[in-house]
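Residue numbers (the working numbering): 228 to 397.
Input: a single structure, listed below in structure tokens.
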């Protein structure tokens with residue numbers, strides 16, 4: 228492995244560790260033995276914080292086909308979500324609103340990290356079209372570039388991306 232690739236890998240690992248540490252800084256949720264242990268834990272945390280309107284929590288412990296691991300959790304109070312400007316999410320949703328872009332993200336999570344590797348796939352378009360999609364995803368924060376033009380889903384976006392995919396399924 229070349230030194231640039233080694234540095235990029237160390238940067239990715241550091242970002243994942245920093246993200247995990249930041250996301251775990253709060254108290255762990257209290258859980259019960261029911262089938263809805265995450266929900267019960269969230270309810271306990273909301274009651275402790277006096278959040279009468281509730282909240283949303285999403286979390287994940289993920290190992291990608293590349294061997295990379297991500298442990299991540301975040302939540303928001305319902306009031307904050309409902310009172311916020313939803314139009315701020317439009318660019319992010321729009322970037323994910325393409326079957327080709329979703330495929331590119333899946334392939335990148337699977338280990339194909341360069342435009343050349345992505346261009347070798349069937350059905351993703353020309354090199355120019357691929358770069359257009361990669362720019363859209365990068366601009367919306369779903370991708371960033373590492374050494375030697377390698378693309379990567381940022382550590383703090385891996386679980387949210389998988390949550391979006393899971394939520395979109397029937």
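By construction, the Cβ of each residue, glycine as well, lies at the ideal position given by its N, Cα and C atoms.
Could you give the first and the last residue of the continuous beta strand (DSSP E) run that contains residue 284? 282-290
Roughly how many angstroms separate the alpha carbons of residue 293 and residue 379, rounded to a whole number? 12 Å
Could you check where the beta strand (DSSP E) with residue 372 kicks off and where it finishes? 371-373
Sort out for me which residues DSSP pairs residue 304 with in a bridge. 282
Just to confirm my understanding: we take residue 220, look at its own chain, exclude 5 residues before and 5 after, and list those with CB closer than 8 Å. What are they? The requested residue 220 is not part of the displayed model; the chain covers only 228 to 397.
If you run the structure through DSSP and keep just helix, strand and coil, what is residue 339? coil
Compare the Cα-Cα distances from residue 388 to each of 270, 373, 367 and report the closest residue. 367
Flag this pair as touching only if the stretch 332-344 and the stretch 305-321 have three or more C-beta atom pairs under 8 Å; answer yes or no. no
Can at least three beta-carbon pairs, one atom from the stretch 266-273 and one from the stretch 281-288, be found at a separation below 8 Å? Counting Cβ pairs under 8 Å, three or more are found: they touch.
Tell me, to the nearest whole angstrom, how far the beta carbon of residue 327 is from that of residue 302; I am working on the premise that it is less than 8 Å. Incorrect: roughly 32 Å between the Cβ atoms, too far for contact.
Taking all protein chains shown into account, do 16 or more other C-beta atoms lie within 10 angstroms of the C-beta of residue 384, making it buried, or fewer, making it exposed? buried
If you draw a straight line from the C-alpha of residue 263 to the C-alpha of residue 375, how long is it? 45 Å
Starting from the C-beta of residue 356, find all residues in its chain whose C-beta is less than 8 Å away, skip the five residues before and the five after it, and write them out in chain order. 327
Residue 382 to residue 276 span [Cα, whole Å]: 28 Å
Of the residues 313, 364, 397, which one's Cα is nearest the Cα of residue 325? Measuring from the Cα of residue 325, the nearest candidate turns out to be 364.
Pick from 386, 354, 307, 312 that is closest to residue 295, judged by C-alpha positions: 386
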